[in-house]
Amino acid sequence: MTTETLSQAPAPTDAQATAFLRDFHEVAAIGATPNHGVDRQAATAEDRETREWFRAFAERRGWEVRVDGIGNQFALIELVPGAPYALLGSHLDSQPLGGRFDGAYGVIAGLHAADRLVARHAAGASGAPGTAQAPRLNLAVVNWFNEEGGRFAPSIMGSSVFAGLKDEAEMLAVQDLRGVSVREALDAIGYLGSDARPEIAAYAEIHIEQGRILEREGLPIGAVDASWHTQKLDIEVLGEQSHTGATLMGDRHDALLGAAKVIQRVHEVTDLFPPETLVSSVGQLTLEPNSPIVVARRVHLVADLRADDRDVVLAARDRILGDIRAIEAEHGLVIHARDFDVRENQFYPEAGLALAEAVTSELGHAARRIRTMAGHDSVAMNRIAPTVMLFIPSVDGVSHCEREFSRDEDMAVGVEVLTEVAWRLVHGALPRG
Ligand code: HGY
Ligand code: MN
Ligand code: MN
């Protein structure tokens, strides 16, 4: 079935464009922080509020809403009884003091793309059942649980369980720093679901780039062709608690000093490779007993290592592990380091890239292929269904901070492109390979 047989994409109306921006800014007010960011960590009261917003949007339109066993929230629209679904979506949870665009843009764009698609279908733009122009798939929009992984590690949790990459029971048992489990937190906000998961035949996600390339090149759309290899090191530094005033320096086994040297090595290892080949940081640290008069006995920290080339990450990891052994010996410490949240490069299907490029061009916009350094739910979904991943520009390339920003006009183009991509997915443009 060629997509040329499909009706031409109608230009979005002013009312549709206004409705999207109104909804985007409405959601941005949930968990809003003083400097235009949001704080809506997974399974918090603010997360629950966005879920209620999502549910109301769907129920106002008569769409079925489901919540699965890991808190993934779906809005389902039946076009072809019994058929699998083309799924659009992203995540509404955020990092602590995060940006209002990361994830939320993709969910609200997905809901509005679905709204526009349903109106177009109802107006008769699809062909009669049995014709080449008839829809082949149903349509759904998803708000994935805990994409961010700030409160509960690992990130991309809900979509990874959905894709069968993570075990649901194991993820439900994951605890936050206060010892609250995912299960308890989801139950507390009323989103520990048990609904059946929809069968997915194709997935499309639009997201802010969180980098500088599209802005630098003045392009409104990126078609993501691959994701970087990413993995983390879960590191525990064990020393000995003692008096910061009375203990001789030679007798100290200072876990925080050891951790400080590990953190510096995680940064310095990037210098062993060409600039920007490897990115690494330690973003989370807990300290025991965390008293100003006590030499630290234990530090837990997480290092995030990413590169386009998997071998670069593995070489950096090995170098860091060697440095850790030397720090152990120098300070009389015991340091455990464990690989986790390993995400191999993902390569998105050529047919999906060609579809994204064709749609963007037919709508009169420019696009380029681009790699993603950040993880996304599409990285998990690409393992089980043909996936299209789209970017819009980020101003200054910043994200995971209140300064995160994308322009209204770029968001509008993204919704227009996503709508047409969704239209073609529903009409069978990306059959399972
Ligand atoms: O893991 C990631 O890169 C995403 O931002 N959660
Ligand atoms: Mn995201
Ligand atoms: Mn993020």
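Counting in my numbering, the sequence shown runs from 1 upward without gaps.
By construction, the Cβ of each residue, glycine as well, lies at the ideal position given by its N, Cα and C atoms.
Note that the structure is a prediction, hence the values are computed from the model and not measured.
Beta-carbon proximity of A223 to A374, cut-off 7 Å: Working through the sequence shown from its first residue, we reach residue 223 at position 223. Working through the sequence shown from its first residue, we reach residue 374 at position 374. Contact annotation: A223 and A374 have beta-carbon atoms that are not nearer than 7 Å.
My understanding is that E205 touches S378, with C-beta atoms under 8 Å, so please give their C-beta distance in whole angstroms. Along the sequence shown, one-based indexing puts residue 205 at 205. Along the sequence shown, one-based indexing puts residue 378 at 378. So it is a contact: roughly 4 Å between Cβ atoms.
Evaluate the contact criterion for the segment 147-155 versus the segment 95-105: three or more CB pairs, one atom per stretch, below 8 Å. As far as the Cβ criterion goes, the segment 147-155 touches the segment 95-105, which means the pair count is three or higher.
Is it right to say I293 is buried, meaning 16 or more other beta carbons lie within 10 angstroms of its own, or is it exposed? For the purposes of this step, residue 293 is identified with residue 293 of the sequence shown, where counting begins at 1. Exposed, because fewer than 16 other Cβ atoms sit within 10 Å of the Cβ of I293.
Is it true that the CB of D323 sits closer than 7 Å to the CB of R383? Indexing the sequence shown from 1 puts residue 383 at position 383. Indexing the sequence shown from 1 puts residue 323 at position 323. Contact annotation: R383 and D323 have beta-carbon atoms that are not nearer than 7 Å.
Measuring only from the beta carbon, is E148 closer than 6 Å to any heavy atom that is part of ligand 1? Your numbering for residue 148 matches position 148 in the sequence shown. Yes.
Using the three-state DSSP reduction, which class does E288 fall into: helix, strand or coil? In the sequence shown, counting from the first residue as 1, residue 288 sits at position 288. Strand at E288.
Endpoints, alpha helix (DSSP H) assigned at E64: Position 64 of the sequence shown holds residue 64. No alpha helix (DSSP H) contains E64, which is instead part of the beta strand (DSSP E) from 64-67.
Would you list, in sequence order, the uninterrupted beta strand (DSSP E) runs of no fewer than 3 residues that lie entirely inside the segment 204-290? You should have 221-227, 229-238, 278-288.
Contacting residues, own chain, Cβ-Cβ under 8 Å from R317 (five flanking each side not counted): Translated into positions along the sequence shown, residue 317 becomes position 317. Excluding sequence positions up to five before and after R317, its CB lies within less than 8 Å of the CB of Q231, L233, L305, D339, all in the same chain and listed in chain order.
Do the segment 130-141 and the segment 421-432 meet, that is, are 3 or more Cβ pairs less than 8 Å apart? Touching, per the Cβ criterion.
Is T5 helix, strand or coil when you go by DSSP? Position 5 of the sequence shown, counted from the first residue, corresponds to residue 5. Because T5 sits at a pLDDT of 47, beneath the cut-off of 50, its placement in the model cannot be relied upon, and the following sentence gives the value as read from the coordinates. If DSSP states are grouped into helix, strand and coil, T5 belongs with the helices.
Distance CB(W228)-CB(D308) smaller than 7 Å: Indexing the sequence shown from 1 puts residue 228 at position 228. Indexing the sequence shown from 1 puts residue 308 at position 308. Going by C-beta atoms, W228 is nearer than 7 Å to D308.
For the beta strand (DSSP E) that contains L435, what are its first and last residues? With the chain covering only 1 through 433, there is no way to say anything about residue 435.
Here's the rule I'm using: 16 or more other beta-carbon atoms within 10 Å means buried, otherwise exposed. How should E4 be labelled? One-based indexing of the sequence shown puts residue 4 at position 4. The predicted model places E4 with a pLDDT of 47, which falls under 50 and marks its position as unreliable, so this point remains unresolved.
Pull up the CB-CB distance for I370 and I213, whole angstroms please, since I reckon it's below 8 Å. As a first step, residue 370 must be located in the sequence shown, where it is residue number 370. As a first step, residue 213 must be located in the sequence shown, where it is residue number 213. Contact holds; Cβ gap of about 6 Å.
Closer than 6 Å to a non-hydrogen atom of ligand 2 - does that hold for the CB of G364? Position 364 of the sequence shown, counted from the first residue, corresponds to residue 364. Answer for G364: no, Cβ out of range of ligand 2.
Leaving out five residues on either side along the sequence, give the residues of the same chain with a beta carbon under 8 Å from the beta carbon of D167. Here residue 167 refers to the residue found at position 167 of the sequence shown. Taken in chain order, the residues that qualify are V161.
Within 8 Å, do at least three Cβ pairs link the segment 350-364 to the segment 177-190? A contact is defined here as three or more CB-CB pairs under 8 Å, and the segment 177-190 fails this definition with respect to the segment 350-364.
Limits of the beta strand (DSSP E) - the one that T441 falls within: As displayed, the chain neither begins before 1 nor continues past 433, which places residue 441 out of reach and without an answer.
Residue closest to G414, alpha-carbon to alpha-carbon, out of A122, Q133, G124, L111: If you number the sequence shown from 1, residue 414 lands on position 414. It is L111 whose Cα lies nearest to the Cα of G414.
Straight-line gap, E78 to L192 (C-alpha atoms, nearest Å): For this step, residue 78 is matched to residue 78 along the sequence shown. For this step, residue 192 is matched to residue 192 along the sequence shown. About 24 Å.
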